[in-house]
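Numbering (the working numbering), first residue to last: 288 to 382.
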């Protein structure tokens, strides 16, 4: 193989890799925008949930840990009830 063929082959390979890199980075940026938009809407949903419920920060400092625990306990209980309802629904569908 002559040296000029090798140089042309190397240049074609470099151009192909640069093209692939550009396409790949464009897709990466596009995916990052989608993830950021999902995260921002999820953040808005959690802000609505916090503003809709009792604001723990407005409580006196001595009551804040108890309020946090009570809030977590109520969320756990709600999740367990939802899980049990789904389980009952699935078991009734199977039978």
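Even for Gly, the Cβ is constructed at its ideal location relative to N, Cα and C.
For residue 377, the three-state secondary structure derived from DSSP is helix. The three-state reading of DSSP puts residue 348 in coil, since its state is none of H, G, I, E or B.
A direct Cα-Cα distance of roughly 14 Å separates residue 299 from residue 308.
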